[in-house]
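Residue numbers (this note's numbering), protein chains in the order written: chain A, -3 to 305; chain B, 29 to 297.
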């Protein structure tokens, strides 16, 4: 277990030891269908450099609380999208879905997308993260499309004081770099008010552009993110994750008859992955509309903080 | 053991126009679980109000409403715009979260039919999100059809059976349908539980008001939701009748489709 640096006998850990024991964890997988891939063979989502399934390589338990699917297509019928895909999921010990099921059938959540002129998206952390005073919370953003390069992004850490529950918000503004460039976002003591003890629950991204194409709802697809928390295990083993898969809420302006298809499956109790257990997630394209298609899958949950980087 | 059977009830009500900016004719609709043949406690989850104006225009917030109980009167003195009651967005994908989990006994099964109302053939399926009661492991009950179709499809496969070694608690049901595709052509869903008891007491293929297409048994009504109470719903006796009064202050007549969804409390599975 990771001991908080500033912990003393007088200051009880907030929310019990769970906060110090469990840390956010997620992985992004991809699958690409070539033109004319229909009728196709089942294709597995790839989560690592060696065609890996989503495997637990940590000496710790993983509690999987969400599986998400998306791709960048904006229209349902003009282009292939997750509306035209089927999915199968197998846990090392049991079947989760053992027959082809329409990917969108996995949706278990209510409204994800909001259309308005305040463009933002929100990452709800799978479990709160305990940031302690004096520490630096570091993250990086990467722009993936020229359309968002040089746009200003406001990043806000939202959370609460671990002792008395007072809400805390800290924010930074950064300018997105050229395509594939990266920009650091550092929340540290080099500012008017230093870092206080804080339970981070959400990370909010506010966007500059609203209604010029591509619309503000495209931002999450065009930004990669990685977090570098000061203590505890890394959340993503230092690899990039596309923001769209992490956001539980997208707000912004939409064009008529377009939407950003994303599916969120949230089991009521977590799927547990012990060491070397894996989720094998397979995908099938059920129609071919003449375009190469890449789909993404995100497996999101918590890792037990018994291992330290 | 108490169990909670999901139910939905729908009423289609013509509401005459009062004229632009003028007072309309108050028209009330009564919704209660007696209509689905139940006597006992009931949990009212949410209400959906879907307005169709005769000329196809948007009503904006010029349809007013208030709610109350037949036995106790209305909760408000006057009617307010429907938007003043709405507190929850319409899901992007059709998902219905039940106000209470429904427990399906070991070995029991569900079955369903889906009639995709969309013009584009689509791969169809249904999924119930649940948890095994024995070990709290997540478990889905589901069935899919491996061909694109707009035809009426039965779903009665092996994966809609509860396992032999455990009951399953079900929390929601989903079908593959995106909201914007539903305005004109609705996916008709029918679901049967053990003993062939049907969940929805709605006419299967109602001749729809103009502009609505075939307004049928949807899991998910077409529009934002009015939740009775954010987390747990309103718990009442089944002889309590929910009274909703509408007033149409537009210049054209309207048809208002009211959908009530909830759970019936029973002493068996």
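All C-beta atoms in this analysis are idealised placements derived from N, C-alpha and C, irrespective of residue type, glycine included.
Report task. Quick one: residues in its chain with C-beta nearer than 6 angstroms to the C-beta of residue 253/B, no 5 flanking neighbours on either side, listed in chain order? Result -> Excluding positions up to five away in sequence, the list reads 74, 76 and 116.
Query raised in the report: residue 176/A: which of 182/A, 156/A, 139/A and 185/A sits nearest, CA to CA?
Result: Of all alpha-carbon atoms in 182/A, 156/A, 139/A and 185/A, the one lying nearest the alpha-carbon of residue 176/A is that of 139/A.
Requested in this report: Could you spell out where the beta strand (DSSP E) holding residue 230/A opens and where it closes?
Outcome: Membership of residue 230/A in any beta strand (DSSP E) is not indicated, and neither H nor E is assigned to it by DSSP.
Query raised in the report: Do three or more CB pairs link the region 260 to 275 of chain B to the region 174 to 192 of chain B at distances below 8 angstroms?
Result: Touching, no, given that fewer than three Cβ pairs across the two stretches are closer than 8 angstroms.
**Report entry** Touch test, the region 121 to 128 of chain B against the region 290 to 304 of chain A, Cβ-Cβ under 8 angstroms, three pairs minimum
**Finding:** Short answer: they don't touch.
Query - Closest by C-alpha distance to residue 340/B, when choosing among 256/B, 205/B, 31/B and 45/B - result: With chain B covering 29 to 297 only, the question about residue 340/B has no answer from this structure.
Requested in this report: Classify residue 101/A as helix, strand or coil using the three-state DSSP reduction.
Outcome: It is helical.
Report task. Quick one: using the 10 Å Cβ neighbour count with 16 as the cut-off for buried, is residue 388/A buried or exposed? Result -> Residue 388/A is absent from the structure shown; chain A starts at -3 and stops at 305.
Query raised in the report: Under a CB-based cut-off of 9 angstroms, is residue 185/B close to chain A?
Result: Contact with chain A is found for residue 185/B, since one of that chain's Cβ atoms lies less than 9 angstroms from the residue's Cβ.
Query raised in the report: Between residue 87/B and residue 224/B, is the Cβ-Cβ spacing less than 9 angstroms?
Result: No, they are not a contact pair.
Query - Under 9 angstroms from the C-beta of residue 157/B: neighbouring residues of chain A - result: 102, 104, 261, 262, 263 and 264, listed in chain order.
Query raised in the report: For residue 120/A and chain B, any beta-carbon pair shorter than 9 angstroms?
Result: Not one beta carbon of chain B lies nearer than 9 angstroms to the beta carbon of residue 120/A.
Report task. Could you confirm whether any beta carbon from chain B is found closer than 9 angstroms to the beta carbon of residue 299/A? Result -> It does not; no Cβ of chain B falls within 9 angstroms.
Query raised in the report: Closer than 8 angstroms, Cβ to any Cβ of chain B: which residues of the region 270 to 288 of chain A, in chain order?
Result: The region 270 to 288 of chain A vs chain B, Cβ under 8 angstroms: 282 and 283.
**Report entry** For residue 295/A, three-class secondary structure by DSSP
**Finding:** Residue 295/A: strand per DSSP, three-state reduction.
Query - Which listed residue (140/B, 152/B, 107/B and 158/B) has its alpha carbon closest to that of residue 126/B - result: Answer by Cα proximity: 158/B.
Query raised in the report: Any Cβ of chain B within less than 9 angstroms of the Cβ of residue 90/A?
Result: So yes, residue 90/A belongs to the interface.
Report task. Return the chain-ordered list of same chain residues with a C-beta closer than 6 angstroms to the C-beta of residue 100/B, the five sequence neighbours on each side being excluded. Result -> For residue 100/B, where only same-chain residues beyond five positions count, there are no Cβ hits under 6 angstroms.
Report task. Compare the C-alpha of residue 66/A against each of 115/A, 28/A, 143/A and 174/A and name the closest. Result -> The candidate whose alpha carbon is nearest that of residue 66/A is 28/A.
Query - Close Cβ partners of residue 19/A (< 6 angstroms) along its chain, the five nearest in sequence each way excluded - result: Cβ neighbours of residue 19/A beyond the five flanking positions: 228, 229, 299 and 301.
Query raised in the report: Distance, Cα to Cα, residue 220/A vs residue 178/A?
Result: Roughly 9 angstroms separates the two Cα atoms.
Query raised in the report: Around the Cβ of residue 240/A, are there at least 16 other Cβ atoms within 10 angstroms (buried) or fewer (exposed)?
Result: By the neighbour-count definition (other C-beta atoms within 10 Å, threshold 16), residue 240/A is a buried residue.
Query raised in the report: Helix or strand or just coil, what does DSSP make of residue 187/B?
Result: Helix, per DSSP.
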